[in-house]
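Heads up, the thing below is written out as structure tokens.
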């Protein structure tokens with residue numbers, strides 16, 4: 044009986060101790076610490092990091108500048124994001140918006156450090172002005188909203204003087220249009236099957252609108268649905284190779300050509316209007 048009473052007392056003591064441990068105020072401290080842990084985790088992982096917030100702030104600033112017509116300032120801000128925040132969540136959107144803005148600046152009459160204002164004098168022609176400033180007739184016309192090739196003495200023209208060059212990455216099937224500031228725009232292209240596109244440094248020496256295709260001695264006219272050259276041809280200083288359009292836009296992004304660089308017609312027409320003969324082209328594996 045005595046032993047049984049001792050066991051009962053000992054059991055009660057154990058229950059009291061366990062209860063005290065469970066309901067001790069220390070548990071409240073543990074709960075407060077636990078509540079603070081998710082906040083720390085969100086800051087470094089699930090939530091926005093300071094770097095992401097900084098990039099997002101720059102992105103919003105760039106969009107605001109662009110929407111208010113401050114194109115050059117917007118371009119600089121987009122470029123800062125690309126350089127300083129390559130891990131930004133919206134980096135692909137940023138790149139596309141920068142490319143679109145680059146083209147808008149080039150094609151509009153916005154004055155930039157890469158433009159000059161030329162006052163037309165007697166004897167000037169668009170062709171001569173294009174040669175003088177290293178640009179194209181098409182780009183002069185687009186920048187100045189000219190409907191034809193007629194220009195008047197005393198007329199002021201905004202002319203692009205920036206120098207373009209082209210970089211082709213065969214492994215990625217990408218054509219990168221560049222200028223002195225870096226990347227202007229990236230295009231998806233097709234390159235040669237069985238490593239058929241030559242690598243090296245070339246120049247654009249010929250430019251044709253609606254080119255005739257000479258296929259194994261046969262002449263395929265521009266309007267033919269079998270003309271593989273599409274709407275434009277920019278030939279290199281290596282016979283038989285160049286950049287051209289396509290009748291097979293679904294092939295873009297693949298290594299399927301006979302060796303040339305193939306682009307979508309709309310995009311090859313855009314590129315054609317920008318680059319003069321003599322433009323440097325670099326192709327790598």
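Residue numbers (my numbering): 44 to 328. Note that CB positions come from ideal geometry on N, CA and C, so glycine has one too. As the structure is a prediction and not an experimental result, all values here were calculated from the model.
Where residue i falls: helix, strand or coil (DSSP)
i, result
"residue 277", "strand"
"residue 155", "coil"
"residue 142", "helix"
"residue 248", "strand"
"residue 321", "coil"
"residue 327", "strand"
"residue 131", "coil"
Neighbour-count burial assignment, residue i, 16 or more Cβ in a 10 Å radius
i, result
"residue 170", "exposed"
"residue 156", "exposed"
"residue 190", "exposed"
"residue 139", "exposed"
"residue 181", "buried"
"residue 131", "buried"
"residue 279", "buried"
"residue 2", "Here the chain covers residues 44 to 328 and nothing more, so residue 2 does not appear."
"residue 126", "exposed"
"residue 71", "With a pLDDT of 37 at residue 71, under the threshold of 50, the modelled position of that residue is not reliable, and the figure given next carries that caveat. Classification for residue 71: exposed."
"residue 245", "buried"
"residue 166", "exposed"
"residue 197", "exposed"
"residue 236", "exposed"
"residue 250", "buried"
"residue 257", "exposed"
"residue 13", "Lying outside 44 to 328, the shown extent of the chain, residue 13 is not represented and no answer is given."
"residue 100", "exposed"
"residue 179", "buried"
"residue 322", "buried"
"residue 164", "exposed"
"residue 270", "buried"
Cut-off 6 angstroms between Cβ atoms - residues of its own chain near residue i, not counting five sequence neighbours on either side
i, result
"residue 185", "150"
"residue 294", "233"
"residue 299", "233 and 236"
"residue 112", "none"
"residue 324", "209 and 245"
"residue 47", "In this prediction, residue 47 scores a pLDDT of 41, lower than 50, which makes its location untrustworthy; the coordinate-derived value is nonetheless stated afterwards. No residues qualify anywhere along the chain."
"residue 192", "169"
"residue 286", "277 and 304"
"residue 128", "98"
"residue 315", "275"
"residue 76", "Its pLDDT being 28, under 50, residue 76 is placed unreliably by the model, and nothing is read from it."
"residue 308", "273, 274 and 288"
Cut-off 8 angstroms between Cβ atoms - residues of its own chain near residue i, not counting five sequence neighbours on either side
i, result
"residue 296", "216, 231, 232 and 233"
"residue 154", "160 and 201"
"residue 146", "227, 228 and 313"
"residue 199", "160, 161, 162 and 163"
Assumed close pair residue i, residue j - CB separation to whole angstroms, cut-off 8 angstroms
i, j, result
"residue 158", "residue 202", "6 angstroms"
"residue 98", "residue 117", "Rounded, the Cβ-Cβ distance is 15 angstroms, inconsistent with contact."
"residue 213", "residue 96", "Their Cβ separation, rounded to whole angstroms, is 39 angstroms, which puts residue 213 and residue 96 out of contact at 8 angstroms."
"residue 313", "residue 229", "Not a contact, Cβ separation roughly 13 angstroms."
"residue 239", "residue 301", "6 angstroms"
"residue 320", "residue 248", "6 angstroms"
"residue 289", "residue 275", "Not confirmed; about 10 angstroms, so no contact."
"residue 241", "residue 284", "6 angstroms"
"residue 218", "residue 211", "5 angstroms"
Other residues of its chain near residue i: CB distance less than 7 angstroms, five sequence neighbours each side excluded
i, result
"residue 262", "255"
"residue 102", "124, 133 and 137"
"residue 144", "109, 114, 117, 118 and 121"
"residue 265", "253, 254 and 255"
"residue 332", "A question about residue 332 goes unanswered here, because the residues of the chain that appear run from 44 up to 328."
"residue 281", "241 and 245"
Check: residue i C-beta below 7 angstroms from any heavy atom of the ligand NAD
i, result
"residue 291", "Only the bare structure without any ligand can be found here, which leaves the ligand NAD out of the picture."
Any C-beta of chain B under 8 angstroms from that of residue i
i, result
"residue 209", "Within the model displayed, chain B is absent; a lone protein chain is all it includes."
Pick out the complete beta strand (DSSP E) segments inside the segment 263-308, 3 residues or longer, and give them in chain order. 275-279, 285-287 and 298-300
Let me know the beta strand (DSSP E) ranges lying completely inside the segment 169-248, each 3 residues or longer, listed in chain order. If only complete runs of 3 or more residues are kept, the segment 169-248 shows the beta strand (DSSP E) at 199-203, 208-212, 217-222 and 225-231, in order along the chain.
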